[in-house]
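Protein chains in written order, with the numbering used here: chain A, 591 to 861; chain B, 128 to 495.
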Amino acid sequence: MLDSQTIVYDPDYEGPVISVQGLRNSFGDQVVHDNLDLDVRRGEILGVVGGSGTGKSVLMRSIIGLQTPNEGEVSVFGQQILGESDAATIEMRKRWGVLFQGGALFSTLTVAENVMVPIREFYPEMDRDFRREVAKYKVCLSGLPPDAAPKYPSELSGGMRKRAGIARALALDPELLFLDEPTAGLDPIGAAAFDNLTKELQQTMGLTVFLITHDLDTLYAICDRVAVLADQRVIAVGTIDELLALDHPWIQEYFNGPRGRMASAGKKVIG
Amino acid sequence: MPSDFVEETTEEGAVTLRFSGDLSIASMGDLPERLRECGDAVQRLDISGTGYVDTVGAWLIHRTARDSGAEIIGADDDAQRLIAAVAGADQATDIRPDAPNPVVRVLNEVGEATVIAFTTLAGLTGFFGAIIVGFGRLMLHPGRIRWNAVIARFDVVGVRALGIIGLMSFLIGLVIAQQGAVQLRQFGAEVFTVNLVGRLTMRELGVLMTAIMVAGRSGSAFAAQIGTMKLTEEIDAMRTIGVSPVEALVLPRFIAAVTMLPLLGFYASIVAIIGGGLLSWVELDIPPATFFSRIREVVPLTDVYVGLVKAPVFGAIIAITGCYQGMQVKGNAEDVGKRTTAAVVQAIFLVIVLDAFFAVFFTWIGWD
């Protein structure tokens, strides 16, 4: 059974899904984050934007425990996870899924086997045939054609690899999904389809999504709120309209630059 | 709360499964196995009493309903939405690609390996041709020789290999002398240890072991460096600017390997002889002065020539396989690893095959 040290998940917790307070990250002399605060609400898609090198990925890695910050507190589902061992946070880690930038699929396993890895790891007692069925429907649920399941990652296109990555991230039916630049490197059609998939999955499964992106179309199309990283912290969080009302030069340039205006116009045309 | 269900049978024999608890991946337990045993008589799945339902629970309900033809009742909006979503994702598919018949597979692999062996040989020959052409062009325009690159390769391939090759050769010389002394002593002929060490290292082992070491040190580096440049499109960039990759990358490495191998091979032979001499002194009481004057008597000059003729050829083979495999890299980082391995294996294999041909050839021309 569970170790007494294990942090137990509280199903009745209603507060912010992720809460980051006073986070500080630095590499040598270079300070990436200083006194960074951020709350992610239950059921929302939060877009995280910021210029290159502002530490969007570092923030995500700090939350999921791949990077130990110098200072600060990070809690997920109301539980402090910073400084806890992997064994202690295992119950929490079952409740989130991560899609890395390149998909990070295990190259020696087929797509379906990739999806089975977390299931086998966390629920080894699950019936083998049932596990296979679960892997198969997860692959199809991620919008991959059925014939993609027995393929190896090297046989897939970039867009399909991302979908396979999301299938693996969703293997344990998480409540929280981290996406690191999911539409980077996809053609506009593939990117729009991926946005739709994210929205659809979020609505069907009631996910909370932490989404790092550079894609203005994604921000307009699916994000409920947007957090802006600049000056080593989150300078603003809100809907795009709320952000536009702010007088910060980077935000103005980002959303009111030529690309920002076009994405905004596209959103209005589509509705 | 763990999932559970009870079976209720009406008088007409219709079975209803009444579920309770959470239907989720964490609370599922052995439910899939138990449901499988319920059979076809099930007509209704009542999930009105369930708590939290996730897609895995929805899939379980959907699958049971699909297999038994039962009706799902009591699903709330969330559960209905999930069941509809997983039903839409219910498509026949496989976990692994179909495995072909083992006989066919073995034949396939043998065939593929044969084709690869011949295409590689053809590719290497073609690449050698390209190097010759590049070399010819360079001779016509000597100003284009990249001396800096060539000297840098001399350093990496030659000078920096001195330590490891010296140590290896010294130990090989020791081992040959020691084994020779033990065996030859049985005939009282231990003085012939000198012949053994001198001729074997000069003629064969010095150059051969050096070639193997250089293939492992530099052949692999050539393949990995050029392969990585291929991946990052540096080589394509060179071509568009008008720089020939053969001239800029391959020729300096080729020249360095061809020049350095005879020097390293000769050095290795000398160090091996020193090692053998040391052991002969300690074990057989042959003083160094005697040992070296004996070496001069018993090792014909042709043995030195044999080593020096073979060495540049081995160097060429190492450079050609390394650079060729590097240029063949396609796709991803994994391929760099595969090609590097292939470069080393092919270089060592070809070196040993050619060494056998050389042995026959030199005996034939009377250099024995």
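Note that beta-carbon positions come from the ideal geometry of N, C-alpha and C, so glycine has one too.
It should be emphasised that the depicted structure is a prediction, and the values quoted were computed from it without experimental measurement.
Alpha carbon of residue i to alpha carbon of residue j, nearest angstrom
i: A/Ser594; j: B/Val463; result: Caution is warranted here: a pLDDT of 44 is assigned to A/Ser594, below 50, making its placement in the model unreliable, and the coordinate value is therefore given only provisionally. Rounded to whole angstroms, A/Ser594 to B/Val463 spans 47 Å at the Cα level.
i: B/Ile382; j: A/Arg758; result: 50 Å
i: A/Met591; j: B/Arg223; result: Its pLDDT being 41, under 50, A/Met591 is placed unreliably by the model, and the measurement read from it follows with that caveat. Their Cα atoms are separated by approximately 33 Å.
i: B/Ala350; j: B/Ile447; result: 10 Å
i: B/Ile258; j: B/Val377; result: 8 Å
i: A/Leu836; j: B/Ser371; result: 54 Å
i: B/Val480; j: B/Gln455; result: 23 Å
i: A/Met706; j: A/Gly641; result: 36 Å
i: A/Gly692; j: A/Ala781; result: 14 Å
i: B/Ile188; j: B/Leu172; result: 8 Å
i: A/Tyr603; j: A/Arg631; result: 12 Å
i: B/Asp412; j: B/Asp495; result: 29 Å
i: A/Glu661; j: A/Glu674; result: 14 Å
i: A/Ser697; j: B/Gly403; result: 50 Å
i: A/Leu801; j: B/Thr252; result: 52 Å
i: B/Phe159; j: A/Thr658; result: Going by the sequence as given, residue 159 of chain B is Pro instead of Phe. Answer to the nearest angstrom: the Cα atoms are 40 Å apart.
i: A/Pro735; j: B/Pro229; result: 28 Å
i: B/Arg380; j: B/Thr386; result: 10 Å
i: B/Glu139; j: A/Leu731; result: 38 Å
Cross-strand partners of residue i (DSSP beta bridge)
i: B/Ala342; result: Paired residues: none, contrary to the question.
i: A/Gly637; result: A/Leu801 and A/Val816
i: A/Trp686; result: A/Leu766
i: A/Leu628; result: A/Val610
i: B/Ala147; result: Before going further, note that residue 147 of chain B is Ser rather than Ala in the sequence given. According to DSSP, B/Ser147 bridges with B/Asp131.
i: A/His838; result: Bridge partners of A/His838: none, in fact.
i: B/Val142; result: B/Thr136 and B/Val169
i: A/Val621; result: A/Ser616
i: B/Thr177; result: B/Gly148
i: A/Gln670; result: A/Ser665
The alpha helix (DSSP H) enclosing residue i, as first and last residue numbers
i: B/Thr182; result: Thr182 to Ser195
i: A/Glu703; result: Val701 to Phe712
i: A/Arg753; result: Gly748 to Ala759
i: B/Arg330; result: Here B/Arg330 belongs to no alpha helix (DSSP H), and DSSP marks it neither H nor E.
i: B/Ala470; result: Ala460 to Trp491
i: B/Asp363; result: Glu361 to Ile368
i: B/Ile347; result: Looking at the sequence shown, residue 347 of chain B is not Ile but Ser. Its alpha helix (DSSP H) spans residues Ser347 to Leu358.
i: A/Glu745; result: Run containing A/Glu745: none; DSSP gives neither H nor E here.
i: B/Leu437; result: According to the sequence as given, residue 437 of chain B is Lys; it is not Leu. Per DSSP, B/Lys437 belongs to the alpha helix (DSSP H) from Leu428 to Met454.
i: A/Lys646; result: Lys646 to Ile653
i: A/Glu790; result: Pro778 to Met795
i: B/Gly270; result: Note, B/Gly270: premise wrong, no alpha helix (DSSP H); not H, not E.
Of the residues the options, the one placed nearest residue i, counting alpha carbons only
i: B/Leu406; options: B/Met454, B/Ile299, B/Val370 and B/Val431; result: B/Ile299
i: B/Gly434; options: B/Ala483, B/Gly404, B/Arg421 and B/Thr448; result: B/Ala483
i: A/Leu819; options: A/His804, A/Ala811 and A/Ile608; result: A/His804
i: A/Leu766; options: A/Thr679, A/Ala694, A/Ala678 and A/Val666; result: A/Val666
i: B/Ala153; options: A/Glu711, A/Leu787 and A/Ala853; result: A/Glu711
i: B/Ile174; options: B/Lys457, B/Arg190, B/Gly148 and B/Ala276; result: B/Gly148
i: B/Val440; options: B/Glu198, B/Leu234, B/Phe255 and B/Met155; result: B/Phe255
i: B/Leu162; options: B/Gly176, B/Tyr179, B/Val385 and B/Thr143; result: B/Thr143
i: B/Ser130; options: B/Ala211, B/Met155 and B/Gly402; result: B/Met155
i: B/Ala502; options: B/Asn459, B/Ala486 and B/Ala443; result: Outside the displayed span of chain B (128 to 495) sits residue 502 of chain B, for which this structure offers no information.
i: A/Glu703; options: A/Pro659, A/Pro740 and A/Ile779; result: A/Pro740
i: B/Ala202; options: B/Lys465, B/Gly176, B/Asn459 and B/Phe489; result: B/Gly176
i: B/Pro389; options: B/Phe319, B/Arg330, B/Ala416 and B/Asn275; result: B/Arg330
i: A/Ala725; options: B/Val242, B/Cys165, B/Ala211 and B/Asp217; result: B/Asp217
i: B/Gln305; options: B/Thr320, B/Ala438, B/Ile292 and B/Phe245; result: B/Thr320
i: B/Val169; options: B/Gly184, B/Ile200, B/Asp157 and B/Val180; result: B/Ile200
The ligand FAD heavy atom lying under 7 Å from the CB of residue i
i: B/Tyr432; result: Annotation note on the ligand FAD: not contained in the displayed structure, which lists no ligands.
N- and C-terminal bounds of the beta strand (DSSP E) containing residue i
i: B/Ile210; result: No beta strand (DSSP E) contains B/Ile210, which is instead part of the alpha helix (DSSP H) from Asp204 to Gly215.
i: A/Asp717; result: Note, A/Asp717: premise wrong, no beta strand (DSSP E); not H, not E.
i: B/Val230; result: Premise fails: B/Val230 lies in the alpha helix (DSSP H), Pro229 to Leu267, not in any beta strand (DSSP E).
i: A/Val666; result: Glu661 to Val666
i: A/Ile825; result: Arg823 to Gly828
i: B/Gln170; result: Val169 to Asp173
i: B/Ile199; result: Glu198 to Ile200
Residue-level contact to chain D via CB, residue i, 8 Å cutoff
i: A/Thr798; result: No chain D appears in the structure shown, which is made up of the protein chains A and B.
* Cβ-based contacts, 8 Å cut-off: residues of the stretch 718-731 of chain A near chain B -> Hits within the stretch, in order: Asp719, Phe720, Arg722, Glu723, Val724, Ala725, Lys726, Tyr727, Lys728, Val729, Cys730 and Leu731.
* To do: Mind checking the stretch 749-777 of chain A against chain B and listing, in chain order, the residues whose C-beta falls within less than 7 Å of any C-beta there?
  => Listed in chain order, the positions of the stretch 749-777 of chain A with a beta carbon within less than 7 Å of a beta carbon of chain B are Leu762 and Asp763.
* Can you list, in chain order, the residues of the stretch 698-709 of chain A whose Cβ is nearer than 8 Å to any Cβ on chain B? -> Residues of the stretch 698-709 of chain A with a C-beta atom less than 8 Å from some C-beta of chain B are Thr700, Ala702, Glu703, Met706 and Ile709, listed in chain order.
* Relative to chain A, which residues along the stretch 202-233 of chain B have a C-beta separation below 7 Å, given in chain order? -> If the cut-off is 7 Å between Cβ atoms, the stretch 202-233 of chain B has Arg208, Leu209, Ala212, Val213, Ala216, Asp217, Gln218, Ala219, Thr220, Asp221, Ile222, Arg223 and Pro224 near chain A.
* **chain A contacts from the stretch 173-207 of chain B (Cβ-Cβ distance under 9 Å)** => Of all residues in the stretch 173-207 of chain B, only Tyr179, Asp181, Thr182, Val183, Gly184, Trp186, Leu187, His189, Arg190 and Asp205 come within less than 9 Å of chain A when Cβ atoms are compared, listed by chain position.
* To do: Identify each residue in the stretch 354-375 of chain B for which the Cβ-Cβ distance to at least one residue of chain A is less than 8 Å, and report them in chain order.
  => Residues passing the 8 Å Cβ filter: none.
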